[in-house]
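Counting from 1, position 78 in the sequence shown corresponds to residue 399 in this note's numbering; the numbering is continuous, with no gaps. Using N, Cα and C, we set each Cβ at its ideal position, and we do this for glycine too. Here's the structure we're looking at; comments come further down.
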Amino acid sequence: MTRIISIVNQKGGTGKTTSTVNIADYLARTGHKTLIVDMEPQSNATLYLGIDPLSLELSVSEALLKKEIGLDEVILSTNTENLHIAPAKVSLANTDLNLADKPDKQYRLKEKLSRVKSRYEYILIDCPPSLSLLPVNALVASEEVIIPLQPKYLSLEGLKQLKVSLEKTREELNPSLKILGILFTMVDMRLKMTKYCIDIVRDYFGDKVFKSTIRVCSKLNETPVAGQSIFVYSPSSKGAKDYKSVAEEIIERGNLFYRKSLFRLLCPQLEDKTFLNAS
Ligand SMILES: Nc1ncnc2c1ncn2[C@@H]1O[C@H](COP(=O)(O)OP(=O)(O)O)[C@@H](O)[C@H]1O
Ligand SMILES: [Mg+2]
């Protein structure tokens, strides 16, 4: 079974790309076949993995726009075993406009992924900081969403708006979409606002908030320049510990979803609650 997860937040600088790359790298290092789809015109995830977007002939953009180009022609392997990337280049910036009048404009990524997804256990889609057609394509292609969030007051307003657009996408385009988890990033517990924000979001979203949080870590800031994940650049850093912990939680939450679905299939007459009590 393939889990397709979008990493989304319409705000820039919340840790989407850092989370996508490091979680994917951890999953691959622990033996899971993993694909990153870079849906961001600035190509940060592509650069992060040491690939120069200017050297690319084909990217996600061409696969989205041209019927005859499949993602298998676009996907590249990386320095990490089991980790592949469908890279982005700057042409992705015009893709929204070029898709705008196409009747299947929201379904292009889903359709292209359907032909390669069986090769992977995890597909992580790094979204741009907007709610335009690119992230909509990502949300339509995914079943799960991770929302990286900085514990700041203004982030809470953004989270409300994001929740509304996720609900709209679920109602209109993809009924299977669910929030896998809200991930607090760049956490500095010395700041009063940090605990305040985390408590508010936990009160409202309950266990939809990951138990693990990502602390501020200067090494994480340096990894894109090095073109390496935190597990290579600084394996004993706070950043490596925190991303290991959240990736383990993602694996475990997936196992729980799977056990729940299997239980529903086998015992449809029993309440979901019974399963939870029994587990
Ligand atoms: N936990 C962290 N500690 C310190 N810096 C971080 C951390 N997470 C991300 N950063 C830095 O913050 C900036 C924004 O992160 P990024 O992942 O690019 O956000 P987004 O993809 O949401 O725009 C980058 O410079 C990145 O290196
Ligand atoms: Mg980014």
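Local conformation of residue i per DSSP, three classes
i    : result
F531 : coil
D393 : helix
E465 : strand
Y517 : helix
A407 : strand
G575 : helix
S398 : strand
V329 : coil
Y613 : Only positions 322 to 600 of the chain appear in this structure, which leaves residue 613 out of reach.
V546 : helix
L501 : strand
V381 : helix
Y443 : strand
V508 : strand
L455 : helix
T595 : Confidence is the limiting factor: at T595 the pLDDT is only 44, short of 50, which leaves the residue's position unreliable, though a coordinate-based value still follows. Looking at T595 - three-state DSSP - the assignment turns out to be helix.
Check: residue i C-beta below 7 Å from any heavy atom of ligand 2
i    : result
D447 : yes
T338 : yes
N365 : yes
Run of the beta strand (DSSP E) containing residue i, from where it starts to where it stops
i    : result
Y554 : Per DSSP, Y554 belongs to no beta strand (DSSP E); it is in the alpha helix (DSSP H), 551–554.
D359 : 355–359
Residue from the options with nearest C-alpha to residue i
i    : options                : result
L487 : L370, L501, Y517       : L501
K532 : N542, C538, I519       : I519
S382 : L418, A568, L586, C538 : L418
A300 : Y369, S497, T490       : Absent from the model: residue 300. The displayed extent of the chain is 322 to 600, so no value can be given.
M322 : Q331, S439, N330       : S439
I521 : L386, L379, K481       : K481
I572 : A349, I551, Q331       : A349
I406 : T416, L434, F552, F584 : L434
P449 : L577, N330, D528       : N330
T506 : V530, V437, E465, S557 : V530
Y428 : V485, E493, L483, I444 : E493
L397 : L504, K516, E569, V437 : V437
Close-in-space but distant-in-sequence residues of the same chain around residue i (CB under 6 Å, 5 per side omitted)
i    : result
L597 : Here L597 scores only 39 on pLDDT, less than 50, and its place in the model should not be relied on; the value that follows carries that caveat. For L597, where only same-chain residues beyond five positions count, there are no Cβ hits under 6 Å.
P374 : S364, T367, K410
S566 : S533
S600 : With a pLDDT of only 31 at S600, under 50, the local geometry of the prediction cannot be trusted, and no value is derived from it.
S412 : S382
L430 : N458, A462
Distance cut-off 7 Å: residue i Cβ against heavy atoms of ligand 1
i    : result
C518 : no
T506 : yes
G560 : yes
P408 : no
I535 : yes
C588 : no
T515 : no
P469 : yes
G333 : yes
P362 : no
C460 : The residue you asked about is not Cys; residue 460 is Leu in the sequence shown. Not under cutoff, so the answer is no.
N542 : yes
N330 : yes
P424 : no
P496 : no
P545 : yes
N- and C-terminal bounds of the alpha helix (DSSP H) containing residue i
i    : result
I344 : 337–350
Y369 : 365–369
L483 : 474–493
S435 : 429–435
T416 : 416–420
Own chain partners of residue i with C-beta closer than 8 Å, once the 5 adjacent residues on each side are dropped
i    : result
D447 : I328, K337, T338, T341, V342, I357, V358, D359, M360, E361, N365, A366
T490 : V457, L460, V461, L498
G371 : T399, N400, G548, Q549
E442 : M322, T323, R324, L348, H353, K354, T355
R574 : L501, G502
Contacting residues, own chain, Cβ-Cβ under 7 Å from residue i (five flanking each side not counted)
i    : result
K426 : L420, L454
L379 : I390, E394, V395
E402 : A349
K559 : R536, C538
F578 : none
beta-carbon residue i near ligand 3 non-hydrogen atom, thresh 7 Å
i    : result
E478 : No copy of ligand 3 appears in this structure; the ligands present are ligand 1 and ligand 2.
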